[in-house]
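Okay, structure first, notes after.
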Amino acid sequence: MATTPKRRRWSAVDVPDLNGKVAVVTGANSGIGFEAAKVLAEHGATVVLACRNPVKAQNALDTIRTATPAADVSLLEMDLNSLASVRKAADTLLADRPVIDLLINNAGVTFLPYGLTADGFETHYGVNYLGHFAFTGLVLPAVTAADAGRIVTIGSNAHRLGKMNFDDPGFTKGGYKPLRAYARSKLANLLFAFELQRRLQTAGASTQSLAAHPGGANTEILESIGPVRQKLKQLIDHIPNPIVHSARQGALPTLRAATDPASRGDEYYGPAGLLKMTGPPVLVKASATSRHPETAQRLWELSEEQTGVTYPL
Ligand SMILES: NC(=O)c1ccc[n+]([C@@H]2O[C@H](COP(=O)([O-])OP(=O)(O)OC[C@H]3O[C@@H](n4cnc5c(N)ncnc54)[C@H](OP(=O)(O)O)[C@@H]3O)[C@@H](O)[C@H]2O)c1
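Numbering-wise (the working numbering), the sequence shown opens with residue 5 and increments by one.
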């Protein structure tokens, strides 16, 4: 009797041909953003690396070109810590790229001591969330100009620990803890991704908004956990474990959300493993709070006020 073949795990070889597609990846000089950008370029996409540090960005571009000499890669300077920088980057991008097929909102900071962005917002909230809210709104006309464009926003398992506090989003009244601030910013990322999908759908746009998270990925972000990491970093990629996988594996949920022809707006991808920390990319559940439309709408209104960016939907 014939046996049904076991379903293969989705991997980078499943990324379709992307020739003719334009992809923009924020925070593409390291970690999962770099790995995602590299795979997109390998599959023929024109890739824009949107980064704050031109030297690191150039190194990333050189590495991608070494791996794929025919890669069509360019740089866009953007510091998400500053809304002026975000506006300037969006203007430059729109002048250059009237059509964007894929926007990956990936850049992020983690577990920082209390600090403020150039515009006075708590750093995690300002960089991870508000900067991307503003950038996406400003470049949205180019994404909606694409045939079935996609916007993928990166969350984290930590979003489950996040609580929005609309009276004090930036912890000015106290209670600041790096993990709390990071978790709030990641919850905001997911509230945004799902609300954007609702708004795109209502507007009848073909553009889709999805979310993804890498689980535990061996990236620069692990620096924030402590000095032991340096030794661990060298070992992790070679020792299978249920907590941390390589940055390349961590990029797969992003890539699946961004390129799998079967993926749809409103979906959230992450690793399949028991703790959702490692494993192949599959559909995962986001918290009930991140799926709460009223909370998302309130955050949206606040974000438009805080950034001065109104979405053209
Ligand atoms: N690694 C994990 O286990 C994990 C788990 C859950 C979620 N995530 C999420 O995955 C995403 C990528 O993180 P990663 O793990 O790949 O870490 P990473 O290697 O540190 O990459 C973060 C990227 O964001 C950039 N960035 C930071 N602040 C920026 C700013 N103000 N303006 C523009 N770019 C900025 C960094 O640029 P510089 O190099 O200049 O600092 C870097 O390119 C983040 O959203 C993170 O929250 C990661």
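Cβ atoms here follow ideal geometry from the backbone N, Cα and C, with glycine treated the same way.
As the structure is a computational prediction, the values presented were derived from the model and not from experiment.
Inset, instruction - List the endpoints of the continuous alpha helix (DSSP H) containing S307. - result: Going by DSSP, S307 is part of the alpha helix (DSSP H) stretching over 297-311.
Legend entry - Range covered by the alpha helix (DSSP H) that runs through D100: First-last of the alpha helix (DSSP H) with D100: 87-100.
Inset, instruction - Please report how far the alpha carbon of Y129 lies from the alpha carbon of P145, in whole angstroms. - result: Rounded to whole angstroms, the gap between the alpha carbons of Y129 and P145 is 24 Å.
Legend entry - Three-way DSSP call (helix, strand, coil) for H217 in this model: Three-state result, H217: coil.
Legend entry - Pair within 8 Å by beta-carbon distance, Y315 and R203: Contact: yes.
Legend entry - Beta-carbon proximity list for S267, same chain, < 7 Å, skipping 5 on both sides: Counting only Cβ-Cβ distances below 7 Å, and skipping sequence neighbours, we find L214, R260, A261.
Legend entry - Segment limits, beta strand (DSSP E) that includes A54: Going by DSSP, A54 is part of the beta strand (DSSP E) stretching over 50-55.
Legend entry - Inter-residue spacing [alpha-carbon to alpha-carbon] between K235 and M281: Each residue's alpha carbon lies about 20 Å from the other.
Inset, instruction - Quick one: measure Cβ to Cβ for S183 and F115, integer angstroms, because I've assumed they're closer than 8 Å. - result: Looking at the sequence provided, one finds Leu at residue 183 rather than Ser. Going by Cβ atoms, the distance from L183 to F115 rounds to 6 Å, so yes, they are a contact pair.
Inset, instruction - Could you tell me if the beta carbon of R56 falls within a distance shorter than 7 Å of some heavy atom in ligand 1? - result: Yes, ligand 1 has a heavy atom inside 7 Å of this Cβ.
Inset, instruction - Compute every distance between the C-beta of G31 and the non-hydrogen atoms of ligand 3, then say whether any falls below 7 Å. - result: This structure simply doesn't include ligand 3; it includes ligand 1 instead.
Legend entry - According to DSSP, residues forming a beta bridge with I225: According to DSSP, I225 bridges with nothing at all.
Inset, instruction - Leaving aside the five residues before and after D123 along the sequence, list all residues of the same chain whose C-beta is less than 6 Å from its C-beta, in chain order. - result: Result list for D123: L87, in chain order.
Inset, instruction - Tell me whether the beta-carbon of A71 lies closer than 8 Å to the beta-carbon of F38. - result: Taking 8 Å as the Cβ cut-off, A71 and F38 do not qualify as a contacting pair.
Inset, instruction - Leaving out five residues on either side along the sequence, give the residues of the same chain with a beta carbon under 7 Å from the beta carbon of L191. - result: Hits under 7 Å: H163, G166, M168, T293, S294.
Inset, instruction - Give the range of the alpha helix (DSSP H) segment to which L44 is assigned. - result: Looking at the DSSP string, the run of the alpha helix (DSSP H) that includes L44 is 35-46.
Inset, instruction - Taking the CB atoms as reference points, tell me whether L142 and V313 lie closer together than 8 Å. - result: Yes, the pair counts as a contact, with Cβ atoms nearer than the cut-off.
Inset, instruction - Note the first and the last residue of the continuous alpha helix (DSSP H) segment covering T157. - result: Counting along the chain, T157 falls outside any alpha helix (DSSP H), though it belongs to the beta strand (DSSP E) covering 154-158.
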